[in-house]
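To keep things clear, I will list the structure first and then write my remarks on it.
Chains as they are written, first to last, in this note's numbering: chain S, 2 to 297; chain Z, 431 to 561; chain B, 584 to 1080.
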């Protein structure tokens, strides 16, 4: 305690240079055979490249100017901003607004729109995240490479800082609770799976930043993250397939909108929000960990 | 022409969106630094989302949360663009993450972020034998 | 509603589940699951195609409990399952044929992710074929982009990273242009689903309101998809991307993915915008000219390519020019020829990539032309396959490559001012094809030099069998194109309805 106390006092006196801790140390030098040796002088390359492509660049620049002028003119040609008579306010919008609550059970019209009316889009959307997770894993994963690529493993040691450390102990549970709140109230208030999941993942990322990657790696197991993401996505796909199939074939669906305004209402929207939130949370956290240390 | 300009002034939000979009587009195309290209991409996407979000606005409209108390007064704004923007943002996040991962790997492998330099490498290698 | 009509949904869902499964199970299961998925997808698309052919119908399939302008929809006519079948078959043969290279090029710890990416690519292509909603189209375009970047970047070593960067920059410009086009379209019509969109666009065009914004929107969507499928002059990324990937990825990228965007473009033109409005906007002339430019310019680039895979990739860019020329003709017969070209290229190009990489394996992995001299003697099946592919690309009768050229030329005579440019481009492109493909086909059969340091390799059945299946399809299409042409004619007729 005395140690941390003195650190705090030193910080109050302005003796602690936090910026020094944020500065990363020199990159480790990669082994000779892995290192890339430029064969050309950089300035020369630019000169050659610019000269050989000058015509092309000029052409593209002219095209860009034309494109933006055309876009501006087209924007001027659009219906007036805020116009209630604009073509977008047609029967489609009216049904979403007027009958949305009754049909989907969601008070939040946007949640009803993306998770019930246009659920196929949103299914694709969560798979965009999943695809990106796979692509980032492919790129950043260290795998069993013989010469592991140099990763900047040193970071500011926030754990040693009593202010950051103590504050995070307080704030992480708050963030988690808030994330869960946003997640499960997605059909009642602004929020939903995507924002709630991002909030949840921010708590995990703060944990990993302050307590260190190694410890986070020990607490939040790789297998757990992968299985959670896979299970949540699997649930999403299966439940939505049921609803697509029954809808297209005119079958009766057991999913009912319930009583709008209650927390357990709006049929599939609440479970789907939770599933999407878990996927987003796992994906964001995995992004962080892959950029940080090359594995989960 | 003057009428056109008036329209543009009235659609000032759209004009701003197009301006953002142009800035991002030019950065994505012309900036040599890979990291700045990613930043340009994000700016461009923001422009598109602003444009899309504007299209949903109705003067005097409220957020489309149908709480019972709000039922009596006024219109709600169009919820469709909000839903589309949400999808778009998720796509944009995914793409940015992928681009940043590529940037990191490129820097680790070639120690440069300069795309001209990289493309030059590519065209030089093409003359050689094995990829 | 017949259960067959649900097969498009089932194939998409099966692909998604398979992708999730490959993500968590060990890698050997990933390969098996993916092969099974591709096989199942072939069967299901074939079944849907048969259903639509027998009933001569296209049907909309509601994705959920809400009808058209409110809920999502998918649409199956003849074109959609036909293209889905083509893509599934080609992907199946590509991953079998490139299997050994995947084991070699992809690190052990990443192989299951490779299979996830393949599954997601299939799903996105199927969804792009079947979608009846412009925004769903955008979402799956993005999945396709990210997944194909994964396919490309998964290879260890080589310059696949730089190629990926280049590919992504172009792909992102393409998808942004497309998205802006979608936003403009939505802003002036208020619709996202194809049938309603088409009515709204037709009404707007007839009334003359927002005509400028509509034209810009059409141009942006077309340009976005053209950039993404590597249409001239936006093809800069294509040769690097297609030549730097591992063999199976090259086949998929070149044989399938660029076509997926072209199919979506065709669907948007005919189902969402309406052919009349599209032709009135004048965008088709630009497509025609770009297609012609690509046919000539990329062929010239291919002649100067120093490595085999780069040459094949440039030839892809040239062949995509044919597709856009066909779309740009603006007539039903031109579109038929373009779809024929899609089929022709999808069966020929993977064959060339597969056999080309085997020839290079028989030359210690070297890709430059001097090393490939006499490679056909060192790996006879690959040599035969490459020769068939090369001769087909040149457009010799009795092979698939001849058929689209014939139909393009026949349709050209029915056109106005476009007649002579199209015929001239066809002639020039054929001559250039002779120069590079026939040259290579002869080169690999030249007698080996006495001091040749490469030894013959023993061909594996799993490497050349897919190639021979593709060659069989190619020859079948070349000898007896009648049924295929009739099918595509019907598909095009259904598309416009």
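A virtual CB, placed ideally from N, CA and C, is assigned to each residue, including glycine.
For clarity, every value in this text was computed on a predicted model and none was experimentally measured.
Legend entry - Beta-carbon proximity check, residue 724/B vs residue 703/B, cutoff 7 Å: In terms of Cβ geometry, residue 724/B and residue 703/B do not form a close pair [threshold 7 Å].
Legend entry - Chain-order list of residues whose beta-carbon lies under 7 Å from that of residue 855/B (same chain, five-residue window excluded): Hits under 7 Å: 717, 777, 780 and 781.
Inset, instruction - Please state whether DSSP places residue 83/S in a helix, a strand or coil. - result: Note: residue 83/S maps to strand in three-state DSSP.
Legend entry - Close Cβ partners of residue 266/S (< 6 Å) along its chain, the five nearest in sequence each way excluded: Same-chain partners within the cutoff: 106, 259 and 260.
Legend entry - Rounded straight-line distance, which links the Cα of residue 762/B to that of residue 1063/B: Answer to the nearest angstrom: the Cα atoms are 41 Å apart.
Inset, instruction - Leaving aside the five residues before and after residue 570/B along the sequence, list all residues of the same chain whose C-beta is less than 8 Å from its C-beta, in chain order. - result: In this structure chain B extends from 584 to 1080, so residue 570/B is not present and cannot be described.
Inset, instruction - Could you list which residues in chain S have their beta carbon closer than 9 Å to that of residue 434/Z, in chain order? - result: The CB of residue 434/Z comes closer than 9 Å to the CB of 74, 77 and 78 in chain S, given here in chain order.
Inset, instruction - Measure from the alpha carbon of residue 653/B to the alpha carbon of each residue in 117/S, 82/S, 269/S and 159/S, then state which is nearest. - result: Cα-wise, what sits closest to residue 653/B is 117/S.
Inset, instruction - Determine the direct distance from the alpha carbon of residue 11/S to that of residue 161/S, and round the result to whole angstroms. - result: Cα atoms of residue 161/S and residue 11/S: separation of roughly 13 Å, rounded to the nearest angstrom.
Inset, instruction - Compare the C-alpha of residue 940/B against each of 878/B, 828/B and 650/B and name the closest. - result: Looking at 878/B, 828/B and 650/B, the one whose alpha-carbon comes closest to that of residue 940/B is 828/B.
Inset, instruction - State yes or no: is the beta carbon of residue 722/B nearer than 7 Å to at least one beta carbon in chain S? - result: Output row for residue 722/B: interface = yes.
Inset, instruction - Note down, in chain order, each residue of its chain lying with its Cβ closer than 6 Å to the Cβ of residue 471/Z, except the 5 sequence neighbours on either side. - result: Around residue 471/Z: 458.
Legend entry - Beta-bridge partners of residue 714/B, as assigned by DSSP: Answer is 657/B.
Inset, instruction - For my contact list, residue 245/S and residue 647/B are in at a C-beta cut-off of 8 Å; report their separation, rounded to the angstrom. - result: Contact flag correct, Cβ pair sits at about 6 Å.
Inset, instruction - Give the DSSP-derived three-state secondary structure of residue 1022/B in the structure shown. - result: Of the three classes helix, strand and coil, the one that applies to residue 1022/B here is helix, per DSSP.
Legend entry - Backbone CA spacing between residue 529/Z and residue 641/B [nearest angstrom]: Approximately 40 Å, taken between the alpha carbons.
Legend entry - In DSSP terms, what residue 506/Z is bridged to: DSSP lists 492/Z as partners of residue 506/Z.
Inset, instruction - Report the three-state DSSP secondary structure of residue 1057/B (helix, strand or coil). - result: DSSP places residue 1057/B within a helical segment (H, G or I) once states are collapsed to three.
Inset, instruction - Can you give me, in chain order, the residues of the segment 761-788 of chain B that have a beta carbon less than 9 Å from any beta carbon in chain Z? - result: The residues in question are 762, 763, 765, 766, 767, 769, 770, 773 and 775.
Legend entry - Residue-level contact to chain S via CB, residue 517/Z, 7 Å cutoff: Interface residue, yes.
Legend entry - Endpoints, alpha helix (DSSP H) assigned at residue 159/S: Residue 159/S -> no alpha helix (DSSP H), and no H or E assigned at all.
Inset, instruction - Compare the Cα-Cα distances from residue 881/B to each of 1012/B, 906/B, 997/B and 757/B and report the closest residue. - result: Checking every option, the nearest Cα to that of residue 881/B belongs to 1012/B.
Legend entry - Backbone secondary structure at residue 222/S - three-state DSSP: In the three-state scheme derived from DSSP, where H, G and I count as helix and E and B as strand, residue 222/S is classed as coil.
Legend entry - Other residues of its chain near residue 540/Z: CB distance less than 8 Å, five sequence neighbours each side excluded: By the criterion of a C-beta distance shorter than 8 Å, residue 540/Z is surrounded in its chain by 547, 548 and 551, once the five residues flanking it on both sides are discounted.
Inset, instruction - State yes or no: is the beta carbon of residue 663/B nearer than 7 Å to at least one beta carbon in chain S? - result: At a cut-off of 7 Å between beta-carbon atoms, residue 663/B makes no contact with chain S.
Inset, instruction - Leaving out five residues on either side along the sequence, give the residues of the same chain with a beta carbon under 6 Å from the beta carbon of residue 602/B. - result: Apart from the 5 residues on each side of it in sequence, residue 602/B sits with its Cβ closer than 6 Å to the Cβ of 699, 702 and 703 in its chain, given in chain order.
Inset, instruction - Drop a sphere of 10 angstroms on the beta-carbon of residue 475/Z, count the other beta-carbons inside from all chains shown, and report buried for 16 or more, exposed for fewer. - result: Of the residues assessed, residue 475/Z falls on the buried side of the cut-off, its CB having 16 or more other CB atoms within 10 angstroms.
Legend entry - Distance between residue 790/B and residue 617/B (C-alpha atoms, nearest Å): So the two alpha carbons sit approximately 51 Å from each other.
Legend entry - Residue environment, residue 1047/B, which counts as buried when at least 16 other CB atoms sit within 10 Å: Looking at its Cβ environment, which holds 16 or more other Cβ atoms inside 10 Å, residue 1047/B is buried.
Inset, instruction - Kindly confirm or deny that the segment 830-846 of chain B and the segment 929-939 of chain B touch, where touching means at least three C-beta pairs closer than 8 Å. - result: By the Cβ rule, the segment 830-846 of chain B counts as touching the segment 929-939 of chain B, because three or more pairs are nearer than 8 Å.
Inset, instruction - To the nearest angstrom, report how far apart residue 461/Z and residue 731/B are at their CA atoms. - result: Straight across, the Cα-Cα distance linking residue 461/Z with residue 731/B is about 24 Å.
Legend entry - Contact belief for residue 677/B with residue 838/B at Cβ below 8 Å, rounded distance in angstroms: Yes, they are in contact, since the Cβ atoms of residue 677/B and residue 838/B sit about 7 Å apart, within 8 Å.
Inset, instruction - Entirely within the segment 623-693 of chain B and at least 3 residues each: give me those beta strand (DSSP E) ranges in chain order. - result: If one requires a minimum length of 3 residues, the beta strand (DSSP E) runs lying completely within the segment 623-693 of chain B are 642-646 and 655-659, in chain order.
Legend entry - Proximity winner among 440/Z, 525/Z and 482/Z, relative to residue 764/B (alpha-carbon distances): Per the Cα distances, 482/Z.
Legend entry - Buried versus exposed call for residue 884/B [16 or more other C-beta atoms within 10 Å across all chains shown]: Label assigned to residue 884/B: buried.
Inset, instruction - For residue 485/Z, decide whether its Cβ has a neighbour in chain B, counting only Cβ atoms nearer than 7 Å. - result: Yes, because at least one Cβ of chain B sits closer than 7 Å to the Cβ of residue 485/Z.
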